[in-house]
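I have placed the structure first, in the form of structure tokens, so that the comments after it can refer back to it.
In the UniProt record's numbering, the protein residues as written are 1 to 639.
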């Protein structure tokens, strides 16, 4: 008898070999119809994969993330098949599922693919899908695999890095591809497809290699779902932070300044300052001390920290002094500088924890093709802090940082998120520094803190920083997209590398534990996501311009200035629109600029010491005394 353990802990027994699909049928015919993939003993497989021994089993439908992964990976096969129908000489490379959809990297040789070709490929994909061909995965020897792809240098390179027993092909209809597996039962499940984009992509992400064409697509089991997705895409375009940033005067880029180096305009700077002040106040209450460090550091600093070895390729070229022979790097991280700040004094266990906070600008080289608005830049500011504590203090300090991140998210309307426990790669330990013992202590501390706080967590192996594991906050925005924002990291390694210590109550030297944390992540990325999540309608307390005064004629500009000054004295920020335009047009323009309050002033307002108040999204609120408006505003702007 084979025992199959399901996610709810129940066990089903079967005589002899059984497949996930047969298990599903034993539960209900409806479940069997909807099951499109499965996970057996932690590995995603096809529903027809034989289970030959006791195993854990999770049945996957379209509603599961891994179910979508199998659906979209299978759709990538259909895309590749359809491309070859039109471009038989094209050379295929890889075609994985991604967060939303899939892509396939293709070498079209002397031919090319453009947007006008998308529709014919979509039609061909649906034709091929309607054949309802079964996906069949089978093992192939290395010699036979190399023979099959003798004319494809990309597949050959992939196969050369595999061993006999590791190589599988997947066939459906008249198409065969090198593939690890994880497919839906048949092509007929795919009912709706869309080619979204085609862009250049270097083979294996290396700009020294040939540039291929990356064809992006998405597919669904129902046309209705595709229609809804495309509507969300249109909404995403409307909310694109690059578009909103320009319209609202938040930031800009200049070719002369350099790609990936944002310029913060007055309104964007005001927005940043408000965010910084908000977090600074919270940090003051949490016992943080504020520090500042240079934008460059001696190369020896980053060799000591390990950043030079691990991130040297992602840094800009070093800066050498003309005569002294010194070598400097643009700062890629703030933590080595903060370690040196800790070393400026001798500390006792009674002095700890030390919490150093800095809005520190760092620089990392990104390929020009990878740059994207504020989300991928070459210079960015981290809301960084590093805590140095005793091992006994670690858990409480970590939990306090979790509380700070949750406070930030709640204040800014990010309430849909999961926390990702990012651990080391299970097999490749060469990417990391430090002892096995220290890594285990750090990983256990993160897992325990997350459990104590009741966080909804997922575990990802291979996503840890090179010096320690992380707790990453994955936030969903208004469009349902996931972003990694806040991060907290435990580090036993940098204190060793920098020889940091404190005197314990036994009068002996001890190593502190280091916590790295950034609730926003980076100011640039956070503001980009905030722009798109709010569509530029920031929370009232955060709006760069919280009011605009609209005098109905130039006679009332002086009164408008008095009103503005009084509001500014109450830390309410705004401006005056004294253009020679009709009030209706001024109101429309203010609405487009997403200014929360429009304050109209004329003869009656000046005589009565009032303002006529309009609130964006609510309309006319009537006349108010200035002091009443201040009270109303302060209540509305509470965090």
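Backbone N, C-alpha and C fix where the C-beta goes; we use that ideal spot for every residue, glycine too.
Residue i vs residue j beta-carbon contact at 8 Å
i, j, result
"residue 278", "residue 299", "no"
"residue 645", "residue 363", "Nothing about residue 645 can be reported from this structure: the residues present for the chain run from 1 to 639 only."
"residue 552", "residue 602", "yes"
"residue 531", "residue 244", "yes"
"residue 598", "residue 380", "no"
"residue 28", "residue 67", "no"
"residue 142", "residue 167", "yes"
"residue 342", "residue 500", "yes"
"residue 333", "residue 307", "yes"
"residue 194", "residue 230", "yes"
"residue 236", "residue 375", "no"
"residue 12", "residue 23", "yes"
"residue 98", "residue 135", "no"
"residue 453", "residue 399", "yes"
"residue 188", "residue 129", "yes"
Three-state secondary structure (DSSP) of residue i
i, result
"residue 211", "strand"
"residue 125", "helix"
"residue 574", "strand"
"residue 222", "coil"
"residue 457", "strand"
"residue 536", "coil"
"residue 511", "coil"
"residue 183", "coil"
"residue 474", "strand"
"residue 483", "strand"
"residue 363", "strand"
"residue 629", "helix"
"residue 257", "coil"
"residue 250", "coil"
"residue 404", "helix"
"residue 523", "helix"
"residue 502", "strand"
"residue 542", "helix"
"residue 426", "coil"
"residue 327", "strand"
"residue 172", "strand"
"residue 584", "helix"
"residue 516", "strand"
8 Å contact criterion, which residue i and residue j should meet: CB distance rounded
i, j, result
"residue 646", "residue 266", "Not covered by the structure: residue 646. The range shown for the chain is 1 to 639."
"residue 472", "residue 420", "4 Å"
"residue 660", "residue 476", "One cannot answer for residue 660 here, as it falls past the ends of the chain, which runs 1 to 639."
"residue 191", "residue 222", "6 Å"
"residue 418", "residue 456", "5 Å"
"residue 261", "residue 429", "Actually they do not touch by this definition, with Cβ atoms about 36 Å apart."
"residue 59", "residue 20", "6 Å"
Local Cβ density within 10 Å of residue i, reported as buried at 16 or more and exposed below that
i, result
"residue 263", "exposed"
"residue 631", "exposed"
"residue 316", "exposed"
"residue 180", "exposed"
"residue 219", "buried"
"residue 382", "buried"
"residue 86", "exposed"
"residue 564", "buried"
"residue 469", "buried"
"residue 352", "buried"
"residue 7", "exposed"
"residue 1", "exposed"
"residue 640", "There is no way to answer for residue 640, as the model of the chain reaches only from 1 to 639."
"residue 391", "exposed"
"residue 451", "exposed"
"residue 600", "buried"
"residue 114", "exposed"
"residue 386", "buried"
"residue 512", "buried"
> If we count Cβ pairs, one from each stretch, closer than 8 Å, do we get three or more for the stretch 301 to 310 versus the stretch 274 to 291?
Replying inline: no
>> Could you check whether the stretch 171 to 178 touches the stretch 202 to 218, counting it as contact only if at least three pairs of C-beta atoms, one from each stretch, sit closer than 8 Å?
In response: no
>> Measuring CB atoms only, is the stretch 507 to 518 touching the stretch 478 to 489, in the sense that at least three cross pairs come out at less than 8 Å?
In response: Judged by Cβ distances under 8 Å, the stretch 507 to 518 makes contact with the stretch 478 to 489, as three or more pairs qualify.
> Do the stretch 74 to 87 and the stretch 52 to 60 meet, that is, are 3 or more Cβ pairs less than 8 Å apart?
Replying inline: Here the stretch 74 to 87 does not lie against the stretch 52 to 60, with fewer than 3 beta-carbon pairs under 8 Å apart.
> Does the stretch 614 to 624 come within contact of the stretch 572 to 581, defined as at least 3 CB pairs closer than 8 Å?
Replying inline: Put simply, the stretch 614 to 624 does not touch the stretch 572 to 581. Fewer than three CB pairs are less than 8 Å apart.
> Is it a yes or a no for the stretch 408 to 427 touching the stretch 461 to 475, going by three-plus beta-carbon pairs under 8 Å?
Replying inline: yes
> With a cut-off of 8 Å, do at least 3 Cβ pairs link the stretch 205 to 225 to the stretch 95 to 112?
Replying inline: yes
> Does the stretch 432 to 440 come close enough to the stretch 492 to 510 to have 3 or more Cβ pairs within less than 8 Å?
Replying inline: The answer is yes - the stretch 492 to 510 touches the stretch 432 to 440, with three or more Cβ pairs under 8 Å.
>> Using a Cβ distance threshold of 8 Å, determine whether the stretch 109 to 119 contacts the stretch 81 to 96, with at least three qualifying pairs required.
In response: yes
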